[in-house]
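First the structure, in the form of structure tokens, and then the observations on it.
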Ligand code: HEM
Ligand code: HEM
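Residue numbers (the working numbering): 39 to 204.
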């Protein structure tokens, strides 16, 4: 039998599932247009939400890199799995930071008309590119998790969920 993954810790798992829930919420809520930002309180809420999500992802990066360890993929996993997993994780970080930073860019453009329509247009374009890329990366991420569960049976999925009934 090949090597088995050891579990991620409580804090890494907590950050993972809170950030997943926040992203799910962000997509459900979404916005249709810039003009909605005139709704009282909405711009403030969006900015706080984006800062919280961005801070959570920075915290996870620092916590896993400096303390808890970034991945539980076993060392003897095939090279292509190491590469694919690294690439998708990098993409997930890029997608989330892209959404957060472009969202903050939209907010900045909205309160600073002097920045002009080109800046606003660029930030909206970036927001939409990142919002389109992230779900595709998440499909790959979940497919990878199921691959480890069903084919590799190396406890990589369980490292983030805890013990499963099956
Ligand atoms: C919005 C939803 C999600 C986001 C943004 C997300 C993002 C991430 C990120 C950034 C990592 C850390 C990679 C690293 O730095 O090493 C990770 C790890 C992980 N995620 Fe997710 N994830 C989401 C949903 C899910 C779901 C639904 C599953 C299970 C089906 C899952 C299973 C895992 C597992 C097993 C790991 C550990 C991988 C490893 O140790 O190498 N994630 N996720
Ligand atoms: C400062 C923070 C943010 C601001 C000011 C902001 C603003 C906007 C605006 C103005 C739109 C409409 C764009 C258009 O005209 O097509 C939009 C779309 C959207 N935003 Fe944000 N956003 C922010 C952060 C976020 C975050 C953190 C998420 C998290 C997932 C998110 C998710 C979405 C979604 C799902 C849409 C719908 C995209 C579409 O249907 O094409 N936003 N946002």
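Glycine included, every Cβ here is placed at the ideal spot set by N, Cα and C.
All values derive from a computational prediction rather than experimental measurement.
The C-beta of residue 196 has 16 or more other C-beta atoms within 10 Å across all chains shown, which makes the residue buried. For residue 126 against residue 179, the beta-carbon gap comes to about 6 Å, under 8 Å, which counts as contact. The beta carbons of residue 136 and residue 167 sit closer together than 9 Å.
Across the structure, residue 201 and residue 85 are spaced so that their CA atoms are roughly 36 Å apart.
Nearest C-alpha to residue 181 among 149, 122, 139 and 165: 122.
Under the DSSP assignment, residue 50 falls in the alpha helix (DSSP H) whose first and last residues are 48-67. At a cut-off of 4 residues, the continuous stretches assigned as alpha helix (DSSP H) that sit fully inside the region 54-135 are 80-101. DSSP places residue 200 in no alpha helix (DSSP H); its state is neither H nor E. Leaving aside the five residues that flank residue 112 on each side, the residues in its chain whose CB is nearer than 8 Å to its CB run, in chain order, 40, 41, 42, 43, 192 and 194. Not a single heavy atom of ligand 2 lies less than 8 Å from the C-beta of residue 97.
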